[in-house]
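From first to last, the protein sequence lines stand for chains G and B.
Under my numbering, the first residue of the first sequence is numbered 3, with each subsequent residue one higher.
Under my numbering, the first residue of the second sequence is numbered 3, with each subsequent residue one higher.
Ideal placement from N, C-alpha and C gives every residue a C-beta, glycine not left out.
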Amino acid sequence: MIYLDNSATTKPHPDVLASFQQVSDKFFANPSSIHQLGGQTEKLLLKAKQQAAELLKVKEEEVIFTSGGTEGNNIAIKGIALEHQNRGKHIITTEIEHPSVYEACESLKQLGFDITFLPVNQDGVVSVEDVRNAIRKDTILISVMHINNEIGSIQPIQEIGEIAKAHPKIFFHVDYVQGLGKIPLQLNNSGIDLCTMSGHKIHGLKGTGILYIKSGTKLFPLFHGGEQERKIRSGTENVAGVVAMVKALRIIKKRELDEINHVHSLNKYLRDNLSDFPLVEINSPSNNAPHIMNFSLPGIKPEVMIHMLGEEGIYISTKSACSSKLADESRIIAACGFSKERATSALRVSLSYDNTIEEIDVFLDKLRKGIDQLKEIL
Amino acid sequence: MQYDHILIRYGEIALKGKNRKKFIGKLQENIRHKLKEFPDVSVKRTQGRMFVLLNGHDPHAIINKVKNIFGIHSISLAIKIPNELEEIKQAALFALENGENVKTFKVSVKRINKVFPVRSQDLNQVLGGHLLSNTEGYIVDVHHPDLEIKVEIRNEATYITSSVIRGAGGLPVGTSGKSLLLLSGGIDSPVAGYLAMKRGVEIEAIHFESPPFTSERAKQKVLDLAEKLTSYGAKINIHIVPFTKLQQRIFQETPDGYGMTVMRRMMLRISERVCQKEGILSLATGENLGQVASQTMHSMNAINEVTNYPIIRPLITMDKDEIIEISKQIDTYDISIRPYEDCCTIFVPKAPKTKPKRDRVNYFESKFDYEELIEEAVQGIEVVQVSDEKQVEDAFSDLL
């Protein structure tokens, strides 16, 4: 099997699975239970939080464990909107956000919010000037993703952070799901107030995530109940999942430091080869995140290519997994200003640290054969 | 270009007379201890200052450690470069561009090496001009700059320092002797410990537990609090006193209103015995005048009767919100508010006396001979050590 769909999800690391199993077996008690076993479980949870905070270089109190990216994004956006709506009902975001940001913002329109969706250039990057100019008196939140999940474009988070710093009343949320473990993002003293991360994109397990909330940031919780996670996310903690995710975080942070050049070289190899392929039009900009390569095969239905490669045990995807069931064009690639034909025929290869040059060679070979075969029918 | 060392300026110890060497030596030792996890770092002393040579380590991680060490007035990142004009220009530019939240700056040149061809006044202008023409959005403000870039041209090399970061102040921990901190698990006692440490005091802690009325988690809370305090010193020994039997007896033998007063006196008696055993010279508490019944002037008078050891009470005149503010600053607040019973919150009489009298409390104590129970408690003390060095519990280490 050659797995090249790592932006949809990653294969859990064996050590992560082992941790999950052991914690589920030994520390299954409810951390809120008063008895000794509950106490031990709570202690383990605290240690996990400490380690997560250390790895992310933030304070313990700023780490909230969630069920993943979608939940993190929803808590951040709706939580800020509901808590601070008296101050204003304007939110700035972009046209290329993940559905869990895009749709969360859309939904707020029903509550009377006004959303500015900023455009991006052909490289899929939002302009810092546009963000600055979109700010109004009633703006309460800016939400911009770090790395786009479909084409891998990197947004100018640091610069937008500076804008946010200059407007202390506006909150700044970053969807960092695709960037975590690939491109470091400074959270502390960055102007970022909220930052979403997900466990299963870094070889952790589904149903786990982290929402960074800068201390002093108030938001209205979406879940009420047992007051876990500083009352922001009530519900019995998924201790085994959390521990497994924090372990995955430790492993990936090390690989980010030691092995990112490997992913860069895979990316370059892909790009160099693909640009000589017939039909292929590369959508990912050249200063892209290393692990995402998006290209179109105009005229060829992407599902057909996915299935042809799938027959060979090679797994890639069309647009993001979260929107790939909709048959229409890619909102992201359309937003970059590409033609409809290109936006409806996009494919995404997404890499992990474990992929090899040999795997890429096999993929390129099969893709080439597939293109040749389908070209005939065109 | 990279910052290659950190400049450390002394606080109050600079004013010490003949003892200064001792203080500085201790500070150096404390800094070395805190930076043990960075193997290539070295800590050097020169005339009136100290340097941490980074040798490639990330300066921010090191600053975060050094920031918490008592005895330091301020710290600055610095670069050492050869006495070459071009290099100096580059380094000054680096310092400006790496400053945080900087809009205005100023350059101050000191030319100790008079052989250097450009005079300091002229160099101020040359560097200022270089910085302005190579950057955007900065302005010069010679009176209140956000950033002062100091350039010192010495015989051997040029040193450039920028943004001054405030140190923790105080005196190096370990220069003022040892104190035994009564650590309950509440908000106040860890703050008291922190403030005592700030004046150079080395801390041991004593905690009274009354299982099964108090839980394992209440004890863990105290260990976690002590561990937080270690980031301002080194290791801390916690003497955990089994207090159940004595405490139950006190409340059986003493009329309701006086139970708390007698209990506090017993705690001081036990603490004093620990001091004697360990060679500790004083006690430290989080007491705060008028906060609760045991902390009224009358109560303190009645309770203090049992010991003539000095009791350091750093919080005595503070307001609660001032104490809470410090506890948040030193990261103990969140631990302190974990909702577990401690030995002071169980057996609380409905109406504790706010004006207990010495003769009354002595009378009540004389009705039972507590000596045996006190000695039993002292003998049963368990000593747990927490330290600032990283250690995840064995049971957890392979899980995370």
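Task: Minimum C-alpha distance to B:Asn-57 - residue among B:Ser-389, B:Gly-50, B:Val-45 and B:Gly-202 - done: B:Val-45
TODO: Please confirm whether G:Phe-297 and G:Ile-284 have their CB atoms less than 7 Å apart.
DONE: yes
Task: Neighbourhood of G:Ser-347 by C-beta distance below 8 Å, restricted to the same chain and skipping five residues each side - done: Ser-298, Leu-299, Pro-300, Gly-301, Ile-302, Lys-303 and Pro-304
TODO: Answer yes or no: do G:Tyr-214 and G:Val-60 have a C-beta to C-beta separation smaller than 7 Å?
DONE: yes
Open item on the list: Would B:Leu-79 pass as an interface residue toward chain G - the criterion being a Cβ-Cβ separation below 7 Å?
Closed with: no
Task: With 16 other Cβ atoms within 10 Å as the buried cut-off, status of G:Ser-155 - done: buried
Task: Any C-beta of chain B under 7 Å from that of G:Ser-236 - done: no
Task: Reduced DSSP secondary structure (H/G/I, E/B, other) of G:Lys-220 - done: coil
Task: Own chain, CB closer than 6 Å to B:Gly-171, minus 5 neighbours either side, in chain order - done: Gly-13
Task: Minimum C-alpha distance to B:Gln-249 - residue among B:Thr-309, B:Tyr-260 and B:His-241 - done: B:Tyr-260
Task: is_contact[B:Arg-219, chain G] using C-beta, thresh 7 Å - done: yes
Task: Complete alpha helix (DSSP H) runs within the segment 205-238 of chain B (minimum length 4 residues, chain order) - done: 218-231
- [ ] Verify whether the separation of the beta carbon atoms of G:Gly-227 and G:Ser-69 is less than 7 Å.
- [x] no
Task: Under the three-state DSSP convention, the category G:Gln-230 falls into - done: coil
Open item on the list: In this structure, how does DSSP classify B:Gly-169 when only helix, strand and coil are distinguished?
Closed with: strand
- [ ] Taking all protein chains shown into account, decide if B:His-132 is buried (16 or more other Cβ within 10 angstroms of its Cβ) or exposed.
- [x] buried
TODO: Determine whether the Cβ of B:Asp-336 lies closer than 7 Å to any Cβ atom of chain G.
DONE: yes
TODO: Along the alpha helix (DSSP H) that carries B:Arg-51, what are the first and last residues, could you check?
DONE: From DSSP, B:Arg-51 is part of no alpha helix (DSSP H) but of the beta strand (DSSP E) over 51-55.
- [ ] Can you pull the chain B residues whose beta carbon is under 8 Å from the beta carbon of G:Gly-41, in chain order?
- [x] Ser-217, Glu-218, Arg-219 and Gln-222
Open item on the list: Judging by CA-CA distance, which residue of B:Glu-211, B:Arg-121, B:Arg-360 and B:Leu-182 is the nearest neighbour of B:Arg-275?
Closed with: B:Leu-182
Open item on the list: With three or more C-beta pairs closer than 8 Å as the rule, is the segment 235-249 of chain G touching the segment 43-51 of chain G?
Closed with: yes
Open item on the list: Using only CA atoms, which one of G:Ile-162, G:Pro-101 and G:Cys-107 lies nearest to G:Gly-131?
Closed with: At residue 131 of chain G the sequence reads Glu, which differs from the Gly that was named. Looking at the Cα atoms, G:Ile-162 is the closest of the given residues.
- [ ] Could you say which of G:Pro-14, G:Gln-24 and G:Glu-56 lies nearest to G:Lys-203 if we only look at CA atoms?
- [x] G:Pro-14
- [ ] Using beta-carbon positions only, say whether B:Glu-289 and B:Arg-271 come within less than 7 Å of one another.
- [x] no
TODO: Enumerate in chain order the residues of its own chain whose CB-to-CB distance from B:Ile-348 is below 6 Å, with the five nearest sequence positions on each side excluded.
DONE: Phe-215
TODO: Let me know the secondary structure DSSP gives B:Lys-38 once reduced to three states.
DONE: coil
Task: Start-to-end residues for the alpha helix (DSSP H) that takes in G:Asp-363 - done: 359-379
- [ ] Give every residue of the same chain whose Cβ lies closer than 6 Å to the Cβ of B:Leu-55, excluding the five residues on either side of it in the sequence, and list them in chain order.
- [x] His-7 and Ser-44
- [ ] Please report how far the alpha carbon of B:Met-3 lies from the alpha carbon of B:Ala-93, in whole angstroms.
- [x] 7 Å
Open item on the list: Counting only Cβ pairs nearer than 8 Å, list the residues of chain B close to G:Lys-249.
Closed with: Leu-401 and Leu-402
- [ ] Name the residue from G:Ile-254, G:Ile-234 and G:Glu-229 whose alpha carbon lies nearest to the alpha carbon of G:Val-65.
- [x] G:Ile-234
Task: Interface partners of B:Glu-102 on chain G, CB under 9 Å - done: Asn-191
Open item on the list: I need the boundaries of the alpha helix (DSSP H) containing G:Gly-81, first residue and last residue.
Closed with: 71-86
Task: Amino acids of chain G, ordered along the chain, whose beta-carbon sits closer than 7 Å to that of B:Phe-398 - done: Leu-46 and Lys-49
Open item on the list: Against chain B, does G:Gln-375 count as a neighbour if the rule is that its beta carbon must be under 7 Å from one of theirs?
Closed with: no
Task: Under the three-state DSSP convention, the category B:Gln-387 falls into - done: strand
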